[in-house]
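Residue numbers (the UniProt record's numbering): 10 to 335. For every residue, glycine included, the Cβ atom is placed at its ideal position computed from N, Cα and C. Computed from a predicted model, the values in this text were never measured in an experiment. Worksheet: the structure to be examined is printed underneath.
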Ligand code: ES4
Ligand code: ZN
């Protein structure tokens, strides 16, 4: 069967990856040593054994703890470089990378160190891997609107180094409307807008992300299948969903990959894409997500082509560049 080979070799765009979620245990330990930070684990095996989360919150607790080893601009650069080399090996030619500045500024790391470190890795990837990499600043939805506005102010001196903003972290209890004014401001600034919605939260959160935040893409969005009217809206307006199958598996959004609704979403005509989310924690990068999902759900070459095409159509590259990809 040559399908896995097709999946691995086809050029693709990754639109949903948290750079802090690409920190492999080996790099966490190396940075802990370099920065003399105590992470509470002394071996790769011990760290990996702690990755036994059962839902989004139990994952986030470990993910934020791992990020504590990041102190200097070069730490952020090293992390992003490792991800971009790994992505290039999976034939990812375009990546729009999330970062969570509040996780770092809350620990006294400056916005400048975070953004300049990540941006240097993006520039290098273009030169050395031929990967076009851009940054999307994510606000933590469990924190306040006021803290989000402060974070935006801190980031504006580096406005030219990120293309958009997103909303992530604990979803249930933190609906999109909490950040309506923030997103309106970012829209005025000409930033692209995306938000996590419908990962664990209800279809109502996808509706408000679309109608109140006016986002251009929905991150995850798999719970949309529970609402036929919402499915119609997503299909009609071709709102991309950045789906992350192995993430959904590890966080028990679906009991197994065979039960994942990606085939149903695609079949309903939605602009679905496949992404890795937090590959160091969820057990797979882009090609692992494609190969395992296709093996479990019985999708075929036609869907492979559609997903690759969708990933470029859903990206924030210019329409002119999109015509070249197509
Ligand atoms: C995340 Cl899987 C997921 N969901 C929400 N926020 C996140 N941040 C990093 N990974
Ligand atoms: Zn995510």
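Proximity to residue i [Cα-Cα], best of the options
| i | options | result |
| --- | --- | --- |
| residue 13 | 307, 35, 22 and 319 | 307 |
| residue 177 | 108, 124 and 117 | 108 |
| residue 166 | 148, 152, 129 and 124 | 124 |
| residue 187 | 154, 175 and 195 | 154 |
| residue 263 | 232, 70 and 285 | 232 |
| residue 105 | 237, 286, 292 and 260 | 286 |
| residue 190 | 210, 156 and 247 | 156 |
| residue 60 | 284, 288 and 329 | 288 |
| residue 199 | 214, 220 and 174 | 174 |
| residue 91 | 29, 62 and 151 | 29 |
| residue 120 | 168, 99 and 100 | 168 |
| residue 132 | 86, 148, 110 and 99 | 86 |
| residue 305 | 322, 261 and 254 | 254 |
| residue 136 | 115, 102, 310 and 24 | 102 |
DSSP three-state assignment for residue i, whether helix, strand or coil
| i | result |
| --- | --- |
| residue 80 | coil |
| residue 296 | helix |
| residue 131 | helix |
| residue 261 | coil |
| residue 44 | helix |
| residue 175 | strand |
| residue 147 | strand |
| residue 226 | strand |
| residue 63 | coil |
| residue 24 | strand |
| residue 221 | coil |
| residue 322 | helix |
| residue 37 | helix |
| residue 123 | helix |
| residue 270 | coil |
| residue 141 | strand |
| residue 203 | strand |
| residue 98 | helix |
| residue 113 | helix |
| residue 104 | strand |
| residue 181 | coil |
| residue 281 | strand |
Exposure label - residue i; buried when at least 16 CB within 10 Å
| i | result |
| --- | --- |
| residue 45 | exposed |
| residue 112 | buried |
| residue 89 | buried |
| residue 49 | exposed |
| residue 320 | buried |
| residue 265 | exposed |
| residue 212 | buried |
| residue 53 | exposed |
| residue 161 | buried |
| residue 294 | buried |
| residue 75 | buried |
| residue 208 | buried |
| residue 327 | exposed |
| residue 130 | buried |
| residue 164 | buried |
Cβ shell of residue i (< 7 Å), same chain only, five flanking positions each side left out
| i | result |
| --- | --- |
| residue 218 | 185, 204, 206, 224 and 227 |
| residue 73 | 112 |
| residue 82 | 122, 125 and 126 |
| residue 281 | 250, 252, 271, 274, 275, 316 and 319 |
| residue 16 | 296, 299, 300, 303 and 313 |
| residue 277 | 240 and 244 |
| residue 151 | 178, 179 and 183 |
Cβ neighbours of residue i in the same chain (closer than 6 Å, five flanking residues each side left out)
| i | result |
| --- | --- |
| residue 134 | 93, 140 and 142 |
| residue 56 | 34 and 50 |
| residue 317 | 19 and 21 |
| residue 172 | 143, 201 and 325 |
| residue 97 | 138 and 140 |
Same chain, Cβ closer than 8 Å to residue i, neighbours up to 5 away in sequence not counted
| i | result |
| --- | --- |
| residue 41 | 47, 48 and 78 |
| residue 210 | 180, 181, 184 and 232 |
| residue 258 | 265, 266, 269 and 291 |
| residue 220 | none |
| residue 99 | 17, 21, 294, 295 and 296 |
| residue 64 | 209, 260 and 261 |
The ligand COA heavy atom lying under 8 Å from the CB of residue i
| i | result |
| --- | --- |
| residue 67 | Ligands present in the displayed structure are limited to the ligand ES4 and the ligand ZN, and the ligand COA is not among them. |
Note to self: So if I measure from each beta-carbon to every heavy atom of the ligand ZN and keep distances below 6 Å, which residues remain?
What the structure shows: 25, 27, 177, 205, 228 and 286
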